[in-house]
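Just so we're aligned, residue 0 is where the sequence shown starts under numbering that gives the first Met the number 0, counting upward by one.
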Amino acid sequence: MDPEERDRRIQTVCLLVLTAIATGAALYWLRPVMIPFVLSAFFASSLSPLIAFLIRRFHLPRAAAVGVTLLLGFLMLAALASLVSASVGQLAANRVAYQSQATALIAQVTEALPLDRIGIDTAALTERLRDASVSAVGGMLAGTTSAILDLFSKSILVLIFLVFLLVGGEVALPAKERPEDTWTTITGQVERYVLTKALLSGATGILVGVFLWGLGVDLALVFGLFAFLLNFIPSIGSIIATLLPLPIVVMSPDISFATAVAAIAIPGALQFGIGNVLEPRMMGRSLDLHPVTVLLTLMFWGALWGIVGMLLAVPITAMSKLFFEKSELTRPVAELMAGRLDALRSR
0 MDPEERDRRI QTVCLLVLTA IATGAALYWL RPVMIPFVLS AFFASSLSPL IAFLIRRFHL
60 PRAAAVGVTL LLGFLMLAAL ASLVSASVGQ LAANRVAYQS QATALIAQVT EALPLDRIGI
120 DTAALTERLR DASVSAVGGM LAGTTSAILD LFSKSILVLI FLVFLLVGGE VALPAKERPE
180 DTWTTITGQV ERYVLTKALL SGATGILVGV FLWGLGVDLA LVFGLFAFLL NFIPSIGSII
240 ATLLPLPIVV MSPDISFATA VAAIAIPGAL QFGIGNVLEP RMMGRSLDLH PVTVLLTLMF
300 WGALWGIVGM LLAVPITAMS KLFFEKSELT RPVAELMAGR LDALRSR
């Protein structure tokens, strides 16, 4: 490599680092607007194939196809909202039972441990833990209600952006008829990823919800919904979804120890089987991202935009990698994101 080429690459890397820092600061500062917009763009890209299918199959005008798609989305969201509302009501109705069970568990633990021998007042400790459990249950209810209201307020802005993006978009051609350019390659890979991930996440959520419901766990269908949503977060999401029912399982007085173990073990086995056996077979290396890259981008986007950033981290990273591959100067960055270090050493 001649000195001029080396200097140009060094300048490119420095500019990329500075651009990344400036872009990260701007994305963090503008997150109240950027999060709804990026979510709406993500949904619009996911719904475009359905709109194109309605236009080609039923010869509907684009406005009518968009209206039908949005109507189906509204019906699905209404069903999910009613499910969450009923589950929150169930959680509030069982609040006293949860508190009583938590108090009984605390008493059993303090009695089993020889705390008196080391000078700890078990009565005072039990009282403090009882108050903490009451606060935890109340905080769970308040946090759930606040999260629902926050999600509803953001969904209105997302809907506004989504309507304008869908109405003003173009009809998506079938994959075989699309021209081979950078943008169609990127959108095609993202659409395949979203479709495959949605199918696998939907199967995971349904199976988890049905198994928990069969075991008699409260909020079983809500935990299935969370399993569907969190499955979009690689690795970390499945662990969180598996452990989410643990507080309800522990505080439910009607659940035996064997049922409690099954309520954690069965969803965990389902998450592991689908995520590590079925998903690699269906998705292959379509995104071509190294696991370390995925983990780092999860941390980065999670720090910027919270849980929404973690949900969108993989599609955004895949799009960035495809853009980097199209330029000779930024192609080493794409190779690094794919984990092909041998290709970098040979340059």
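Quick reminder that beta carbons are idealized off the backbone N, C-alpha and C, glycines included.
Between the CA atoms of residue j and residue i - distance to the nearest angstrom
| i | j | result |
| --- | --- | --- |
| residue 89 | residue 156 | 29 Å |
| residue 290 | residue 41 | 22 Å |
| residue 14 | residue 49 | 40 Å |
| residue 201 | residue 240 | 13 Å |
| residue 280 | residue 3 | 45 Å |
| residue 64 | residue 54 | 6 Å |
| residue 99 | residue 191 | 49 Å |
| residue 160 | residue 256 | 48 Å |
| residue 174 | residue 9 | Caution applies to residue 174, whose pLDDT of 49 falls short of 50 and renders its modelled position unreliable; the value that the coordinates give is listed next. Those two C-alpha atoms are separated by around 38 Å. |
| residue 225 | residue 334 | 34 Å |
| residue 6 | residue 27 | 32 Å |
| residue 292 | residue 93 | 43 Å |
| residue 231 | residue 59 | 32 Å |
| residue 79 | residue 221 | 9 Å |
| residue 39 | residue 307 | 12 Å |
| residue 17 | residue 74 | 45 Å |
| residue 320 | residue 329 | 9 Å |
| residue 338 | residue 288 | 7 Å |
| residue 66 | residue 219 | 32 Å |
| residue 215 | residue 56 | 43 Å |
| residue 314 | residue 29 | 20 Å |
Local Cβ density within 10 Å of residue i, reported as buried at 16 or more and exposed below that
| i | result |
| --- | --- |
| residue 310 | buried |
| residue 270 | buried |
| residue 20 | exposed |
| residue 275 | exposed |
| residue 71 | exposed |
| residue 244 | buried |
| residue 76 | exposed |
| residue 312 | buried |
| residue 227 | buried |
| residue 217 | buried |
| residue 22 | exposed |
| residue 317 | buried |
| residue 35 | buried |
| residue 213 | exposed |
| residue 84 | exposed |
| residue 167 | exposed |
| residue 193 | buried |
| residue 251 | buried |
Cβ of residue i within 8 Å of any chain C Cβ
| i | result |
| --- | --- |
| residue 35 | Going by chain labels, chain C is absent from the structure shown, which holds only one protein chain. |
Notebook entry, point to check: Is it true that the segment 182-190 meets the segment 230-248, where meeting means three or more beta-carbon pairs spaced less than 8 Å apart?
Noted result: Verdict: no, contact absent.
Notebook entry, point to check: Curious, which full-length alpha helix (DSSP H) runs of at least 4 residues does the segment 231-297 contain?
Noted result: 235-242, 245-250, 256-272, 278-282
Next item on the list: Starting from the N-terminal side, write out each stretch of the alpha helix (DSSP H) that is 4 residues or longer and does not extend beyond the segment 182-236.
Entry: 219-229
Note to self: Is it the case that the segment 260-278 contacts the segment 204-213, given that we only count it when at least three CB pairs across the two stretches are under 8 Å?
What the structure shows: yes
Check: Between the segment 318-336 and the segment 184-199, are three or more C-beta pairs nearer than 8 Å?
Finding: The segment 184-199 and the segment 318-336 touch, with three or more beta-carbon pairs separated by less than 8 Å.
Check: Below 8 Å, can you find three or more Cβ-Cβ pairs linking the segment 33-49 to the segment 190-204?
Finding: yes
Check: Within the chosen definition, does the segment 301-310 reach the segment 252-263 through at least 3 CB pairs nearer than 8 Å?
Finding: no
Check: Fully enclosed by the segment 24-58, which alpha helix (DSSP H) runs are 4 residues long or longer?
Finding: 30-57
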